[in-house]
Amino acid sequence: MHFSPEELERYSRQILLPQVGAAGQARLRNASVLVIGAGGLGAPLLGQLAGAGIGQLGIVDPDEVSLSNLHRQTLYSVDDIAHPKVAAAEQRLRQINPLVSVSTWQAQASPEQLASLLGPDSPHSWTVVCDGTDNASARVAISDACLRYGVPLVSGSAQGFSGQLIVFHNQAGSPCYRCLYPEVEEAPVTGCAAAGVMGAVTSVMAGFMALEVYRLIIGTSDSTREPATEIMLWEGLDGSIRRFPLTKVPTCRGPHGRVLKSEA
-9 MHFSPEELER
1 YSRQILLPQV
11 GAAGQARLRN
21 ASVLVIGAGG
31 LGAPLLGQLA
41 GAGIGQLGIV
51 DPDEVSLSNL
61 HRQTLYSVDD
71 IAHPKVAAAE
81 QRLRQINPLV
91 SVSTWQAQAS
101 PEQLASLLGP
111 DSPHSWTVVC
121 DGTDNASARV
131 AISDACLRYG
141 VPLVSGSAQG
151 FSGQLIVFHN
161 QAGSPCYRCL
171 YPEVEEAPVT
181 GCAAAGVMGA
191 VTSVMAGFMA
201 LEVYRLIIGT
211 SDSTREPATE
221 IMLWEGLDGS
231 IRRFPLTKVP
241 TCRGPHGRVL
251 KSEA
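In the numbering used here, the protein residues as written are -9 to 254.
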């Protein structure tokens, strides 16, 4: 593997880590990560991923930057208000790390859009997908698509002073978002606009999401065990972390057993 002098200096503090090293940094450089939702979670997450040297970043978001975003979405500035988030994010990420390639889609995370990005006809091959959306229909569509096409999914959420994190490995027999919330499409969802959120909470959860992305790419997990799916709940007021196992539900309506990449 070869690194330019700029890369060696830029990533020197990561390469020094025995869990990363030159081999791990090369894996980050060769990885492609699709971030869906460039808001409270996605905006700080994108900055982390670009800084770490993820080689290819994709961004999907339909919205424009608003003033109410700026207390937590610090990737943006007042100059970005009324501009598409994907365009503002791309410009800022190129300033953070011009070595990273960025692709954007100003679009909803619809099943059709996800199929075009993740399906067998997509020109992209994503190593990991990150879900930073804040509505039930998008979360279900993203989980279904990642399960169907066998792409690992890092899913985060934040509200108030609390956050939730799940890593769906999407291998044979893996659980999905529907296993956890079987009626999620019919349930009312209260987002940050209605319930509120502390800006620091979104940054913390974005950091947790970034670490899980690095673990998936570099392979710092225990390779002697099958990857387990857990729900991590973080409470910002007391700093507590709780973890609960999640297993596949036999009656789940998700696309289990229809992973197209393994059938090709």
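For every residue, glycine included, the Cβ atom is placed at its ideal position computed from N, Cα and C.
What you are looking at is a predicted structure, and each value in this text was computed from that prediction instead of being measured.
Closest to residue i by CA distance: which of the options is it?
| i | options | result |
| --- | --- | --- |
| Val119 | Ile132, Gly109, Ala128, Asn125 | Ile132 |
| Val23 | Pro172, Gly48, Arg243, Leu7 | Gly48 |
| Gly209 | Arg17, His(-8), Leu(-2), Ala12 | Arg17 |
| Arg168 | Gly153, Leu137, Val144 | Leu137 |
| Gln96 | Phe(-7), Leu7, Phe151, Val50 | Val50 |
| Met(-9) | Ala13, Glu(-3), Gln9 | Ala13 |
| Gln38 | Leu7, Gly11, Pro74, Tyr1 | Tyr1 |
| Asp228 | Ser152, Lys75, Gln103 | Ser152 |
| Leu7 | Phe198, Cys166, Val76, Tyr204 | Tyr204 |
| Val141 | Gln149, Pro110, Leu223, Ser127 | Pro110 |
| Thr237 | Ser193, Ala185, Pro245, Ser164 | Ser164 |
| Cys242 | Val130, Gln103, Val10 | Val130 |
Three-state secondary structure (DSSP) at residue i?
| i | result |
| --- | --- |
| Ile207 | helix |
| Phe(-7) | coil |
| Ile132 | helix |
| Ile231 | strand |
| Asp121 | strand |
| Thr214 | Residue placement at Thr214 is flagged as unreliable, the pLDDT there being 44, under the threshold of 50; a coordinate-derived value is accordingly withheld. |
| Glu225 | strand |
| Val187 | strand |
| Ser106 | helix |
| Leu89 | coil |
| Ser22 | strand |
| Glu173 | coil |
| Leu6 | coil |
| Leu236 | coil |
| Leu143 | strand |
What residues are listed by DSSP as bridge partners for residue i?
| i | result |
| --- | --- |
| Ala148 | Gly153 |
| Trp95 | Val50 |
| Trp116 | For Trp116, which the question treats as bridged, DSSP gives no partner whatsoever. |
| Pro74 | Glu54 |
| Glu80 | Glu80 is not bridged to any residue. |
| Leu35 | Leu35 pairs with nothing; no bridge assigned. |
Work out the CA separation of residue j and residue i for me, nearest whole Å.
| i | j | result |
| --- | --- | --- |
| Arg19 | Gln46 | 8 Å |
| Tyr66 | Ser58 | 11 Å |
| Asp121 | Leu36 | 12 Å |
| Ala162 | Val68 | 46 Å |
| Thr214 | Glu54 | Only weak support is given to the placement of Thr214: the predicted model assigns it a pLDDT of 44, under 50, and the value that follows is read from those uncertain coordinates. If you take the alpha carbons of Thr214 and Glu54, they lie about 45 Å apart. |
| Thr117 | His159 | 11 Å |
| Gln154 | Thr123 | 13 Å |
| Gly189 | Asp70 | 18 Å |
| Gly43 | Ser115 | 17 Å |
| Gln15 | Leu170 | 34 Å |
| Gln85 | Val191 | 25 Å |
| Gln98 | Ser106 | 12 Å |
| Glu202 | Ala21 | 14 Å |
| Arg62 | Ala33 | 9 Å |
| Arg232 | Leu83 | 33 Å |
| Ser230 | Gly197 | 16 Å |
| Gln4 | Ala135 | 32 Å |
Check whether chain D comes within 8 Å of residue i, counting only Cβ atoms and requiring the distance to be less than that.
| i | result |
| --- | --- |
| Ser58 | The chain labelled as chain D is not found in the depicted structure, where only one protein chain is given. |
Can you give the beta carbon distance from residue i to residue j, rounded, assuming they're within the 8 Å contact cut?
| i | j | result |
| --- | --- | --- |
| Glu(-3) | Leu89 | 7 Å |
| Gly244 | Val187 | That belief does not hold up - the Cβ atoms of Gly244 and Val187 are roughly 28 Å apart, past 8 Å. |
| Met255 | Ala148 | A query on residue 255 cannot be resolved here, the shown segment of the chain reaching from -9 to 254 and no further. |
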